[in-house]
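The sequence shown begins at 1 in UniProt numbering and counts up one residue at a time. Cβ atoms here follow ideal geometry from the backbone N, Cα and C, with glycine treated the same way. Predicted, not measured: the structure shown is a model, and the values here were computed from it.
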Amino acid sequence: MNQVQTFWHDFLYLLPQFTEGDEPSLSAMESLLTSLQMIDDRLYFFIGSTDEGMDLILSAEGYPDLMPVIADMKAAAPAMPGWHIVVSYEADLLFGQRNMRVFPDTDNGNVLYMMACKGDALWISRAVDFSVVFPDMQAAEAFAVKLREDGYSCEASLYDGAERFHAQAEVTLPLIPTCDNIGKAEDMLAALALPFGGQNDGWGCFEVSAEDANLALQKITE
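Structure, rendered in structure tokens:
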């Protein structure tokens, strides 16, 4: 029996303790968490009730690599009448709360939190465009040439959005938009731009919808 099968075995054994009384048994919750974290110690779960029955919410806690794990867990779940298995990238969002580890109170954290609240599937990799500004077009073009030589997609253009900076280079990087990944990309670009007199000027990307995310999960777990 693998760890996922063990988890569902434990869940079925503990199931009566989740539905008896007004609140689930604390000891049963702790036992199930121990079983869940034998799969990966970053995972977490919640149990809630709705008009349609009970929800078991499996949370990746903001770790993109755990989304296929909990999708596989849902696929392996036994039949449980009255129960729904909910797969969540960061379950606090379902309760209108903010996980400050995943979405810290920083510029990037605030942007990512707003994206998540709008339903963006942030665990999906996509093209992220970074803007780096320079004093003049010559510097921006030299920077763009350097990045293209290193294998990156980069284009220079005129810019009028800030004093002292009259050109920009737009760098497109494929990545999963987490605070850590965005920060590392910004640090790399800042270091590369410094010899050319450049600095970071923000980033942006297209939204990945829940429908696209579900299709991606299906491909990953097939």
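Could you compute how far the alpha carbon of residue i sits from the alpha carbon of residue j?
i      : j      : result
Tyr13  : Met100 : 34 Å
Pro64  : Arg42  : 11 Å
Ala121 : Ala210 : 6 Å
Cys154 : Pro177 : 19 Å
Val102 : Val111 : 12 Å
Thr172 : Tyr152 : 7 Å
Met188 : Lys146 : 13 Å
Phe95  : Asp55  : 13 Å
Asn2   : Glu20  : 29 Å
Gly62  : Gly119 : 14 Å
Ala142 : Asp136 : 10 Å
Thr34  : Asp10  : 10 Å
Asp150 : Ala144 : 10 Å
Met80  : Gln5   : 15 Å
Pro78  : Leu36  : 15 Å
Are residue i and residue j touching if we call contact CB-CB under 8 Å?
i      : j      : result
Ile57  : Ala28  : no
Leu32  : Phe46  : no
Trp83  : Gly53  : yes
Val128 : Cys205 : yes
Leu192 : Ala185 : no
Leu158 : Ala167 : yes
Val208 : Arg126 : yes
Asn200 : Ala190 : yes
Whose C-beta lies closer than 8 Å to the C-beta of residue i among residues of the same chain, with five residues either side of it excluded?
i           : result
Gly183      : Asn108
Arg98       : Asp92 and Tyr113
Thr106      : Cys179
Cys117      : Leu93
residue 268 : With the chain covering only 1 through 222, there is no way to say anything about residue 268.
Near residue i, which residues of its chain fall below 7 Å by C-beta distance, leaving aside the five closest residues on each side in sequence?
i      : result
Met67  : Ala60, Tyr89, Trp123 and Leu217
Arg164 : Pro135
For residue i, which residues from the same chain have a beta carbon less than 6 Å from its beta carbon, with the 5 sequence-adjacent residues on both sides left out?
i      : result
Ala139 : Phe196 and Gly197
Worksheet entry | Sufficient close CB pairs (3 or more, under 8 Å) joining the region 128 to 148 to the region 55 to 74 | Contact between the region 128 to 148 and the region 55 to 74 is absent, because fewer than three Cβ pairs lie under 8 Å.
Worksheet entry | Sequence ranges, alpha helix (DSSP H) only - wholly within the region 133 to 179, length at least 4 | Taken in chain order, the whole alpha helix (DSSP H) runs of length 4 or more contained in the region 133 to 179 are 137 to 149.
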